Amino acid sequence: MDVRQRQRRARPPAVGQAGAPRVLQAGDALPLPIRHTNLIFSALFAASLAYLMRRWREKIRSSTPLHVVDLTEILSIFGLVASLIYLLSFFGIAFVQSIVSSSDEDEDFLVGPPAAPAPAQCGLLGGSDAVVPEKMPEEDEEIVASVVAGKVPSYVLETRLGNCRRAAGLRREAVRRITGRQIEGLPLDGFDYASILGQCCELPVGYVQLPVGIAGPLLLDGQRFYVPMATTEGCLVASTNRGCKAIAESGGATSVVLRDAMTRAPVARFPTARRAAELKAFLEDPANFDTLSVVFNRFGRLQGVQCAMAGRNLYMRFSCSTGDAMGMNMISKGVQNVLDYLQDDFPDMDVISISGNFCSDKKPAAVNWIEGRGKSVVCEAVIKEEIVKKVLKTNVQSLVELNVIKNLAGSAVAGALGGFNAHASNIVTAIFIATGQDPAQNVESSQCITMLEAVNDGKDLHISVTMPSIEVGTVGGGTQLASQSACLDLLGVKGANRESPGSNARLLATVVAGGVLAGELSLLSALAAGQLVKSHMKYNRSSRDMCKAASLSS
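For the sequence shown, this note's numbering puts the final residue at 1538, and the numbers step up evenly by one.
The following block contains the structure:
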């Protein structure tokens, strides 16, 4: 008789057989000693955990190494581990037994009626906590295997399956197998993948979550706006909120849109510079503007053409109004129409690119700083002396001096191009992400010069921001996604304005400038009062209570 046979003979009678011990059924009350033991270990676990968390928090604040422990901490760790093992072994015994028992011996270790196996959670359909299944449906398995092997391109899954959610899940599984990475923290469910198909994002495998804070009310041109800001930088929303408060308590801010024109600049090469100059003269001749407008205006309203030459290369900067759309696609189509028209009279014209970087899109450029692109906006406010002292914790003279030395002289020393400000990019980017704008256009949209002057016999502060190229829209692109659309609706600029085309986009641009005005005012005040580092260390490093933040960001 081998060892295995002796072990089987020594086993107790199976459940239901004579002499078998009574089995606890669902709903049976636990014996009193077991209940007392459970309470004791539960209390030990909670007390040990609370004590260790408090001690570790104190060590972090005092910069004490976490591995340096005293006797009390050692006992707490021991109690925590011991109670955890007991509680897991008691409440999770069925799970533990399913691991340690072999498949042919499970019936010998059951402590109750066998339950039906729970269905495995599908890793493709679950969120960040999903567990990758051992076996997928056969059809899905074949698709994933084909993608991994390179037989089926990942980008065709949406078209082949007709289900964007399923396509994203299968693509995610293929990526997991190829890379060996779980990407568990990237959620998959809770997003409408059909809404981004063909316009926002290709090859999706999930989505990134960003917190959205509200700064305001921003009192601008007699209206109150609650400004949505998507950011992961602590103190930024609080800082902008403090600036909004100072502006509102001083009577509000006003804005003016100086220009509204999106640009696109193709580049064409000619056999000689003389031929390039001939087309330049044709495009800039006012007598030809009406003809060009007829060709162009199917996709927008042409405003003008500005040309520049480099050798025999001609750069043609078209500008046009695009209604409530940001307008890059619209103007590109209009420009292509004009180029096709010009080809008849200038057959030797070789169009090198629809964009020759004289536009200039998503790059810092002097042409945008001087000529403007998108919406050119100026926003201003007069902050009363008492508000500067009470809300901003500084004084007018210090703010004016700081702005000259930092924003003007300091930026000049750095050779800044449109960067004569404290942190306009912070506010622009946060609002852009929240409202579905193109975050990359933050480059030119953040070009800003901040001016501060003492007015009313030096008692009050006049502050203004001039932003020549804010590129925003309220239709198209990311503005139609649910979350971004909600943020636009909060500002009252969702979608196109049928009564006054373009007015929603212009209003959004003024809100962006107003937010920058508030952010500049608050940060400069923090710097003048010497509060920046202190506030960041207090509220952006060790505390989660942002409601008490002194509202500072850099």
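Just so you know, even glycine gets a beta-carbon here, dropped at the ideal spot from N, CA and C.
From a predicted model like this one, the values you see are computed outputs, not experimental measurements.
If you count every other CB in all the chains shown that lies within 10 Å of the CB of residue i, and 16 or more means buried, which is it?
i       : result
ILE1058 : exposed
CYS1304 : buried
LYS1374 : exposed
LYS1281 : A small fix is needed here, since residue 1281 is Asn in this sequence, not Lys. Classification for ASN1281: exposed.
ILE1231 : buried
CYS1432 : buried
CYS1471 : buried
GLY1358 : buried
HIS1051 : exposed
ASP1345 : buried
PRO1137 : exposed
SER1409 : buried
GLN1421 : buried
THR1378 : buried
ARG1065 : Reading off the sequence, residue 1065 comes out as Val, not Arg. VAL1065 is exposed by the Cβ-count criterion.
ILE1447 : buried
ASN1391 : buried
VAL1322 : buried
ARG1226 : buried
THR1048 : exposed
SER1337 : exposed
PHE1416 : buried
MET1308 : The amino acid at residue 1308 is misidentified as Met; the sequence shows Asp. ASP1308 should be labelled buried.
GLY1182 : exposed
LEU1508 : buried
LEU1242 : exposed
ARG1135 : One point to set straight first is that residue 1135 is Lys, not Arg, in the sequence displayed. Counting Cβ neighbours within 10 Å, LYS1135 comes out exposed, since fewer than 16 surround it.
SER1046 : exposed
ALA1158 : buried
GLN1468 : buried
ARG1160 : buried
ILE1371 : buried
Could you give the first and the last residue of the continuous alpha helix (DSSP H) run that contains residue i?
i       : result
MET1312 : 1312 to 1329
ASP1244 : Premise fails: ASP1244 lies in the beta strand (DSSP E), 1238 to 1248, not in any alpha helix (DSSP H).
ASP1274 : 1273 to 1280
VAL1539 : This structure does not reach residue 1539, given that the chain is present from 985 up to 1538, and the question cannot be answered.
VAL1384 : 1380 to 1386
ALA1418 : 1408 to 1419
ALA1257 : 1257 to 1268
ASN1426 : 1426 to 1429
For the putative contact between residue i and residue j, defined by C-beta atoms under 8 Å, what is the C-beta separation to the nearest angstrom?
i       : j       : result
ARG1156 : VAL1189 : 4 Å
ASP1444 : VAL1380 : 7 Å
PRO1452 : SER1360 : 4 Å
ALA1489 : THR1458 : 5 Å
ALA1249 : ARG1301 : 4 Å
VAL1456 : ALA1493 : 5 Å
GLN1287 : ALA1245 : 5 Å
ILE1061 : LEU1036 : 7 Å
CYS1348 : VAL1439 : The question names Cys, but residue 1348 is Pro in the sequence shown. Actually they do not touch by this definition, with Cβ atoms about 32 Å apart.
VAL1366 : SER1234 : 6 Å
PHE1029 : SER1067 : 4 Å
ALA1414 : ALA1214 : 6 Å
MET1333 : ALA1400 : Between ALA1400 and MET1333 the Cβ distance is about 37 Å, and since that is not below 8 Å, they are no contact.
VAL1211 : ALA1222 : Not a contact, Cβ separation roughly 13 Å.
GLU1504 : ALA1406 : 5 Å
LYS984  : PHE1273 : The structure shown has nothing for residue 984, since the chain only spans 985 to 1538.
LEU1202 : CYS1228 : 5 Å
GLY1461 : CYS1185 : Between CYS1185 and GLY1461 the Cβ distance is about 11 Å, and since that is not below 8 Å, they are no contact.
PHE1254 : LEU1326 : With a Cβ gap of about 12 Å, PHE1254 and LEU1326 do not count as contacting.
SER1239 : VAL1362 : 7 Å
LEU1154 : ILE1127 : 5 Å
At what residues does the beta strand (DSSP E) containing residue i begin and finish?
i       : result
ALA1252 : 1251 to 1253
GLU1437 : 1432 to 1439
GLY1358 : 1358 to 1367
GLY1499 : Looking at the DSSP string, GLY1499 is not in any beta strand (DSSP E); the run it does join, the alpha helix (DSSP H), is 1487 to 1513.
SER1130 : Run containing SER1130: none in the beta strand (DSSP E); it sits in the alpha helix (DSSP H), 1122 to 1133.
ILE1354 : Where ILE1354 is concerned, there is no enclosing beta strand (DSSP E), although the alpha helix (DSSP H) it sits in stretches over 1350 to 1355.
VAL1477 : Segment: none, VAL1477 is in no beta strand (DSSP E) and carries neither H nor E.
SER1337 : 1334 to 1337
List the DSSP bridge partners of residue i.
i       : result
GLY1218 : Answer by DSSP bridge pairing: none, since GLY1218 is not bridged.
TYR1299 : VAL1251, ALA1292
SER1305 : ARG1285
HIS1446 : VAL1366, GLU1437
LEU1203 : ARG1208
ILE1198 : PRO1212
GLY1394 : Paired residues: none, contrary to the question.
Next on the checklist: Ignoring anything shorter than 4 residues, give me the alpha helix (DSSP H) runs that lie fully in the stretch 1125 to 1187, in order along the chain.
Outcome noted: 1141 to 1145, 1148 to 1163
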